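Notes follow once the structure below has been shown.
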Amino acid sequence: MINKIFASPAEAVEDIFDGAVVMISGFGEAGSPIELIHALIDQGAKDLTVISNNTGSGHVGLAALIAHRRVKKMICSFPRTANSKVFPELYKNGEIELELVPQGTLAERIRSGGAGIPAFYTPTSVGTPLAEGKETREFKGRSYVMQHALEADFSLVKCKAADRYGNLVYNKTARNFGPIMCTAAKTTIVQAKQILELGDIDPETVVTPGIFVNIVVKVSKPAEESKLVAEDRRYPW
Amino acid sequence: MINKIFASPAEAVEDIFDGAVVMISGFGEAGSPIELIHALIDQGAKDLTVISNNTGSGHVGLAALIAHRRVKKMICSFPRTANSKVFPELYKNGEIELELVPQGTLAERIRSGGAGIPAFYTPTSVGTPLAEGKETREFKGRSYVMQHALEADFSLVKCKAADRYGNLVYNKTARNFGPIMCTAAKTTIVQAKQILELGDIDPETVVTPGIFVNIVVKVSKPAEESKLVAEDRRYPW
Amino acid sequence: MVGKEEKKGWSVGQMAQKAALDIPDGSYVNLGIGMPELVAGYVPEGREVIYHTENGLLGMGPTPEEGQEDPELINAGKKYVTAIPGACYFHHADSFTMIRGNHIDICVLGAYQVSGHGDLANWSTGAPGAIPAVGGAMDLVAGDIRIFVISRHTTKEGEPKIVQECTYPLTGKNVVNTIYTDLAIIDVTDKGLFVRELAPGITFDDVQKRTDAKLNQYS
Amino acid sequence: MVGKEEKKGWSVGQMAQKAALDIPDGSYVNLGIGMPELVAGYVPEGREVIYHTENGLLGMGPTPEEGQEDPELINAGKKYVTAIPGACYFHHADSFTMIRGNHIDICVLGAYQVSGHGDLANWSTGAPGAIPAVGGAMDLVAGDIRIFVISRHTTKEGEPKIVQECTYPLTGKNVVNTIYTDLAIIDVTDKGLFVRELAPGITFDDVQKRTDAKLNQYS
Numbered sequence: 003m004i005n006k007i008f009a010s011p012a013e014a015v016e017d018i019f020d021g022a023v024v025m026i027s028g029f030g031e032a033g034s035p036i037e038l039i040h041a042l043i044d045q046g047a048k049d050l051t052v053i054s055n056n057t058g059s060g061h062v063g064l065a066a067l068i069a070h071r072r073v074k075k076m077i078c079s080f081p082r083t084a085n086s087k088v089f090p091e092l093y094k095n096g097e098i099e100l101e102l103v104p105q106g107t108l109a110e111r112i113r114s115g116g117a118g119i120p121a122f123y124t125p126t127s128v129g130t131p132l133a134e135g136k137e138t139r140e141f142k143g144r145s146y147v148m149q150h151a152l153e154a155d156f157s158l159v160k161c162k163a164a165d166r167y168g169n170l171v172y173n174k175t176a177r178n179f180g181p182i183m184c185t186a187a188k189t190t191i192v193q194a195k196q197i198l199e200l201g202d203i204d205p206e207t208v209v210t211p212g213i214f215v216n217i218v219v220k221v222s223k224p225a226e227e228s229k230l231v232a233e234d235r236r237y238p239w
Numbered sequence: 003m004i005n006k007i008f009a010s011p012a013e014a015v016e017d018i019f020d021g022a023v024v025m026i027s028g029f030g031e032a033g034s035p036i037e038l039i040h041a042l043i044d045q046g047a048k049d050l051t052v053i054s055n056n057t058g059s060g061h062v063g064l065a066a067l068i069a070h071r072r073v074k075k076m077i078c079s080f081p082r083t084a085n086s087k088v089f090p091e092l093y094k095n096g097e098i099e100l101e102l103v104p105q106g107t108l109a110e111r112i113r114s115g116g117a118g119i120p121a122f123y124t125p126t127s128v129g130t131p132l133a134e135g136k137e138t139r140e141f142k143g144r145s146y147v148m149q150h151a152l153e154a155d156f157s158l159v160k161c162k163a164a165d166r167y168g169n170l171v172y173n174k175t176a177r178n179f180g181p182i183m184c185t186a187a188k189t190t191i192v193q194a195k196q197i198l199e200l201g202d203i204d205p206e207t208v209v210t211p212g213i214f215v216n217i218v219v220k221v222s223k224p225a226e227e228s229k230l231v232a233e234d235r236r237y238p239w
Numbered sequence: 062m063v064g065k066e067e068k069k070g071w072s073v074g075q076m077a078q079k080a081a082l083d084i085p086d087g088s089y090v091n092l093g094i095g096m097p098e099l100v101a102g103y104v105p106e107g108r109e110v111i112y113h114t115e116n117g118l119l120g121m122g123p124t125p126e127e128g129q130e131d132p133e134l135i136n137a138g139k140k141y142v143t144a145i146p147g148a149c150y151f152h153h154a155d156s157f158t159m160i161r162g163n164h165i166d167i168c169v170l171g172a173y174q175v176s177g178h179g180d181l182a183n184w185s186t187g188a189p190g191a192i193p194a195v196g197g198a199m200d201l202v203a204g205d206i207r208i209f210v211i212s213r214h215t216t217k218e219g220e221p222k223i224v225q226e227c228t229y230p231l232t233g234k235n236v237v238n239t240i241y242t243d244l245a246i247i248d249v250t251d252k253g254l255f256v257r258e259l260a261p262g263i264t265f266d267d268v269q270k271r272t273d274a275k276l277n278q279y280s
Numbered sequence: 062m063v064g065k066e067e068k069k070g071w072s073v074g075q076m077a078q079k080a081a082l083d084i085p086d087g088s089y090v091n092l093g094i095g096m097p098e099l100v101a102g103y104v105p106e107g108r109e110v111i112y113h114t115e116n117g118l119l120g121m122g123p124t125p126e127e128g129q130e131d132p133e134l135i136n137a138g139k140k141y142v143t144a145i146p147g148a149c150y151f152h153h154a155d156s157f158t159m160i161r162g163n164h165i166d167i168c169v170l171g172a173y174q175v176s177g178h179g180d181l182a183n184w185s186t187g188a189p190g191a192i193p194a195v196g197g198a199m200d201l202v203a204g205d206i207r208i209f210v211i212s213r214h215t216t217k218e219g220e221p222k223i224v225q226e227c228t229y230p231l232t233g234k235n236v237v238n239t240i241y242t243d244l245a246i247i248d249v250t251d252k253g254l255f256v257r258e259l260a261p262g263i264t265f266d267d268v269q270k271r272t273d274a275k276l277n278q279y280s
């Protein structure tokens, strides 16, 4: 029988190993799987390469993972946001690597990783510093940059509801990177606010088909990152 | 005001010109926009390049368009099916061109056309006759073939329901090529069984966002191709 | 090569059953058109297997009852199917993400020819005047999906289908993992073809006689 | 170059209004973070404009009323927004299909610098020690989307932002179509920069004095 439901975030992240490449969903706090990230901090894996659009806020979630020196390298599009303090500090001190990728290229590289496409050409970043050292090529008289797929050992994703097959639906703009990250990891770990029975999700409205998901854990009341940041909370508490 | 609803299939296809590249949705009869195709036959445009998975059945729909010698070239993955008589006949006589593309490569080329990706690499067809003459390249020790995006002047697509913004939902496996073809044409023309009010489609369950659609026409009772074929009907009747 | 087909060996149903036994619980499986479709009927009780059809359905169920057919709910062979609870629909690019991205675990296909190195030819006989049609076959074999071939051991004319080198146009090079025929189950390994199981009343030599490629026995 | 900022010219709201007037009915528009967001408030009555935010929403509505904020319904600037009837949500790859595939009609962005050939620099000052952050800016300018830049004509220090050649790292080469400043509306054409409209009380020479690149007048 197929049952992808695990009992706790701790069990869900148990197999993440030192040096792993980990994709983390979310755009700012929307869609960020904060309970899975905290479980990963407790679990202790280090030397991680993290692929995520931002670098977290305050001292919780992704920012806390970075603050605990578990992240060797960030691959992201926007590492500084209003409440992002941890990453800039480490970066200025040369204590963390950064691969800066335009947001649409980041999304397409992840989607390609999931789709078995090793590389593609994009007009984005042609003629800019982010295209330096990259192969460029003309198609129909325009220049494009070659970009390589991104794949991960693990993806940590937050969604609204899941069933035991791993079918997922999301909430509003918290969908963002979740669906493509589910496709691009060897092991996809999802925290869902609700677990539904098979068939409760209309087959026409499934956003992530279960084939892309390995582990689901229920987190019915996920923490709100912005509230934790406003209260200056630090994980672990 | 945005209102993409047109009064009839005839008005919807009015601007299709001789020599146009036209994508037509459907996998077999499921998702094939038969009323739009019949309107195109009536309209008279010729020398078309048609991109569609199959070549139609009997003497209706796409098969009828081909039978009327309006199609110069087919780009498809599976030109012969049980009831496909018209295309094989013309092809054997050298009266129609064929570009045969593996089904997944066809889908990805269309998706790339819509996404502004001019070319990508795929493992599909490496070492086979369909890779001959194409550029191959190694990534991480494996060989891949470079494939170019497909774009169209027009896409003809069938769906279940639409609103005046052009947001679409589909029915079961009739979804197939519809969503990607909507993205890859300069002008996307859709026949919908139902027209809904704005907001009647849950924003979480829209499959094709309206930005990819230009023209919607209501066809509340589309013909069933298999029934027409069983009755040996021929268009125009 | 060999004269008439003999009555010994496995029936088509038994071949499908043998392939089904090699599909682990929880697998995501794509079944090709024709003989491969039979495999779904033989998955052992207690195993939950999810079927993918590349025209946009994961969680394909059995043929609908008469009168329940929906022309917009079909499989890749354009036959009427159903959807199980927990199924989902998606578009063609997402469907081939499941295939090309190696998310499908096992694919069962038919064959015109399989070579001694696991090359597969199943889309074109290359005959002059034939209409070429490839469908999704090349995509299914292009990744790391385990490829099971289910096929009669020889053609109707008694010609071997397991050959040293394919003479028909290839679907993919070095892609087949296991071959299920009416005579034997044959694994394709780095060291060549190995007969894993013989049908009742069939000897290794019987199989080798009807096979153009060299066969090996597990020691 | 020029000393203190003067009180003449358009207010920020008026600049946004000028840009809004150039957005046709039925346009799909992406608004950058900051000043560009104001444009939505000035679209003339009777025009229906659909706003795209690259984090996955087409049909973005105004700021929610107090108490109605949803941390999972935000725009690219991470501000709370709403969704209009007829809106839809999608993932990031689909969102950038809308951008890279030129389905968006108009994008309004801020700028550090715009060059005489329409090069845009708006993501990094290139200062040593600065944390580079690019977001979606390079994707938005990479295709054939019409790019409107809305910006004060000079920096707080009075330095020109419209320059012969950008000194900051580029976001894209030859990408800007029109520049809306507090002093003028300037079109970027193949033949150079052309002043289309002057703010009240501003002369062509006033604008040229505060501009490093050469300006032209439509004849």
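Chain order of the listed sequences is A, B, C and D. Add 2 to a position in the first sequence, counting from 1, and you land on the number used in the numbering used here. Add 2 to a position in the second sequence, counting from 1, and you land on the number used in the numbering used here. Add 61 to a position in the third sequence, counting from 1, and you land on the number used in the numbering used here. Add 61 to a position in the fourth sequence, counting from 1, and you land on the number used in the numbering used here. Cβ coordinates follow ideal geometry from the N, Cα and C atoms, glycine included. Computed from a predicted structure; not experimentally measured.
The Cβ atoms of Ser228/B and Pro132/C lie closer than 8 Å to each other. Using a Cβ-Cβ cut-off of 8 Å, Pro104/A does not count as an interface residue toward chain B, since no Cβ of chain B sits closer than that to its own. Taking 8 Å as the cut-off, the beta carbon of Thr158/D is found closer than this to the beta carbon of Thr185/B.
Each residue's CA atom was taken as its position, placing Thr210/B and Arg235/A some 41 Å apart. Pairwise C-beta distances place the segment 206-222 of chain C in contact with the segment 239-251 of chain C, as three or more of them are shorter than 8 Å.
Among the CB atoms of chain B, one or more fall inside 8 Å of the CB of Ala144/D.
Pro125/A sits away from Gly116/B, with the two beta carbons spaced by 8 Å or more. Assignment of Cys227/D by DSSP, reduced to helix, strand and coil, places it in the coil class. According to DSSP, residue pairing for Arg235/A in a beta bridge does not occur. Using a 10 angstroms sphere on the CB of Tyr279/C, the tally of other CB atoms stays under 16, which defines it as exposed. Residue Tyr172/B holds the alpha-carbon nearest to the alpha-carbon of Ile197/B among Asp17/B, Tyr172/B, Ile182/B and Ile36/B.
Val171/A has a beta carbon lying within less than 8 Å of a beta carbon in chain B. Assigned with DSSP and collapsed to three states, Asp204/B falls in coil, not helix or strand.
Listed along chain C, the residues sitting closer than 9 Å to Pro131/B by beta-carbon distance are Ser185, Gly187, Pro193, Pro230 and Leu231.
Residues of the segment 192-226 of chain C that bring their beta carbon within less than 7 Å of a beta carbon in chain B comprise Ile192, Pro193, Ala194, Val195, Gly196, Gly197, Met199, Asp200, Ala203 and Gly204, in sequence order. Apart from the 5 residues on each side of it in sequence, Asp243/D sits with its Cβ closer than 7 Å to the Cβ of Gly70, Trp71, Met76, Arg213, His214 and Ala260 in its chain, given in chain order. By the Cβ-count criterion, Thr130/A is buried, with 16 or more other Cβ atoms from all chains shown falling within 10 Å of its own Cβ. Among the residues of chain B, none has a CB under 9 Å from the CB of Met96/D; the nearest is roughly 24 Å distant.
With three or more CB-CB distances shorter than 8 Å, the segment 146-164 of chain D counts as touching the segment 192-205 of chain D.
Excluding residues up to 5 positions away in sequence, Ser27, Gly28, Phe29, Ala32, Gly33 and Asn55 lie with their Cβ nearer than 8 Å to the Cβ of Asn178/A in the same chain.
Residues of the same chain with a CB within less than 8 Å of the CB of Glu109/D, apart from the 5 flanking positions on each side, are Asp86 and Gly87 in chain order.
Not a single CB atom of chain D sits nearer than 8 Å to the CB of Ile119/A.
Rounded to whole angstroms, Asp180/D and Val128/A show a C-alpha spacing of 12 Å. Burial of Glu153/B is indicated by the presence of at least 16 other C-beta atoms within 10 angstroms of its C-beta. Boundaries of the alpha helix (DSSP H) around Tyr93/B: Val88 to Lys94. Below 8 Å, enough C-beta pairs join the segment 73-82 of chain B and the segment 47-63 of chain B to call them touching: three or more. The DSSP assignment places 118-122 and 143-150 as complete runs of the beta strand (DSSP E) inside the segment 116-151 of chain D, in order along the chain (cut-off: 3 residues).
Using a Cβ-Cβ cut-off of 8 Å, Phe214/B does not count as an interface residue toward chain A, since no Cβ of chain A sits closer than that to its own. When Cβ-Cβ separations below 8 Å define contact, Thr158/C makes contact with chain A.
Residue pairing of Val147/B in beta bridges, as defined by DSSP: Thr124/B and Thr138/B. For Ser222/B, the CB contacts under 8 Å within the same chain, skipping 5 residues up- and downstream, are Lys195 and Gln196 in chain order. For Glu199/A, no alpha helix (DSSP H) encloses it, and the DSSP letter there is neither H nor E. For a Cβ distance threshold of 9 Å, nothing in chain C lies close to Val218/A: the least Cβ distance comes to about 13 Å. Its chain contains Phe156 and Asn216 as the residues whose beta carbon lies nearer than 6 Å to that of Thr189/B, once the 5 sequence neighbours on both sides are disregarded; these appear in chain order.
When 9 Å is used as the limit between beta carbons, Cys168/D is near no residue of chain B, the shortest such separation being about 13 Å.
Counting only residues of its own chain and dropping the five nearest sequence neighbours on each side, Ala121/B has a CB closer than 7 Å to the CB of Met148, Gln149, His150 and Ala151.
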